[in-house]
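Inspection log for the structure reproduced underneath, given as structure tokens.
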Amino acid sequence: MSMEAVPDRVRPPGCPPKPETFVERLMMWDHCGKRSFPWRLTNDPFAVLLAEFMLQRTQAPQAARVFQAFLAAYPNPAAVVSADAGVVVSSLEALGLRHRAVRLQGLCRAIVERHAGRVPEHLPDLLALPGVGPYIAAAVHCFGWGHDVAVVDRTTARVLVRVFGLEPASARVHTDRGVWEFARSLVPQGRGKEYNFTLIDFAAAVCSVRPKHSVCPLTDACCYYLSDHTPKASQAV
DNA sequence: ATCCGGGGTT
DNA sequence: AACCCAGGAT
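Residue numbering for the first sequence follows the working numbering, starting at 318 and increasing by one per position.
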């Protein structure tokens with residue numbers, strides 16, 4: 318009777334997809350949708366860390382404008398620490414979030430002091446650094462050090478929530494524990510890096526805020542698509 | 001729960 | 001004009 322009392326959500330038939338189906342379709346899509354960025358062409362953990370730092374709430378093409386020049390000028394944490402603060406601020410200004418410049422120097426200082434200037438490999442060490450949260454730690458662990466872990470940000474979380482019909486407890490989907498656990502279960506071992514890049518690109522190009530269903534290879538198994546495009550007996554949309 | 005920030009997308 | 005962007009700190 319009352320809308321609040323509706324029991325379990327009923328998913329339309331056909332979804333969610335099997336995890337292996339999702340991964341397989343995604344990797345197929347990869348062939349035509351993958352993007353290329355300078356920070357993807359390196360395994361240098363500092364380069365990866367720098368990129369992820371610039372990418373916070375910042376679109377990738379925007380970060381790509383300043384990334385290479387910055388890395389060339391400051392190729393390691395020690396160089397960032399010894400740089401003039403004003404210069405660091407001005408070189409990141411075009412990205413907004415000016416406070417990141419100060420944080421970046423603090424982060425690099427911690428790396429110099431705690432890890433002899435080398436970006437650490439393991440998650441607890443990464444997470445303990447100021448300015449490094451769950452996302453950046455996972456990204457460096459995967460993209461820099463080559464470990465097959467889940468990399469969950471707002472955009473990849475959005476994809477998983479939609480396709481699999483997840484109902485995270487938290488509104489901050491990219492920090493939701495359940496979403497992270499589910500994301501971990503999907504990562505194909507041996508192909509983590511490739512998979513995560515593809516998922517990020519898919520989120521940007523297809524499963525965007527306004528999803529592009531017409532070019533999506535997953536509509537027939539997507540909870541989000543099917544719930545919008547499947548007639549419901551009880552409710553009109 | 002709020003804040004940061006310029007710039008792209010719709 | 002509103003919303004979002006490869007988040008994290010307070």
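Each residue gets a CB set at the ideal place from its N, CA and C atoms; glycine is no exception. Note that the structure is a prediction, hence the values are computed from the model and not measured.
- Annotated three-state conformation of S407 is helix, per DSSP.
- Rounded to the nearest whole angstrom, the CA to CA distance from A486 to D493 is 7 angstroms.
- Counting along the chain, V365 sits inside the alpha helix (DSSP H) bounded by residues P362 to M371.
- In the displayed model, T515 falls within a helix according to three-state DSSP.
- Residue Q376 holds the alpha-carbon nearest to the alpha-carbon of R352 among R489, Q376 and A411.
- At a Cβ-Cβ threshold of 7 angstroms, V496 and A474 count as neighbours.
- For L424, the closest C-alpha among the options F387, V383 and F370 is that of F370.
- In the three-state DSSP reduction, W462 falls in the coil class, being neither helix nor strand.
- Cα atoms of L543 and D401: separation of roughly 54 angstroms, rounded to the nearest angstrom.
- Contact between the segment 459-466 and the segment 354-373 is present, with at least three C-beta pairs closer than 8 angstroms.
- By the neighbour-count criterion, in which a residue is buried when 16 or more other Cβ atoms sit within 10 angstroms of its Cβ, H439 is exposed.
- By the C-beta density criterion, A389 is exposed, having fewer than 16 other C-beta atoms within 10 angstroms.
- Out of L443, K529, P441 and Y452, the CA that lies nearest to the CA of N513 is found in Y452.
- Taking all protein chains shown into account, L414 has fewer than 16 neighbouring C-beta atoms within 10 Å of its C-beta and is therefore exposed.
- By the CB criterion at 7 angstroms, V504 and D465 fall inside the cutoff.
- Beyond the five residues adjoining it in sequence on each side, V383 comes within less than 8 angstroms, by CB distance, of M371, S408, L409, A411 and L412 in the same chain, given in chain order.
- Residues V476 of the same chain have their beta carbon placed closer than 6 angstroms to that of C524, with the five preceding and five following residues left out of the count.
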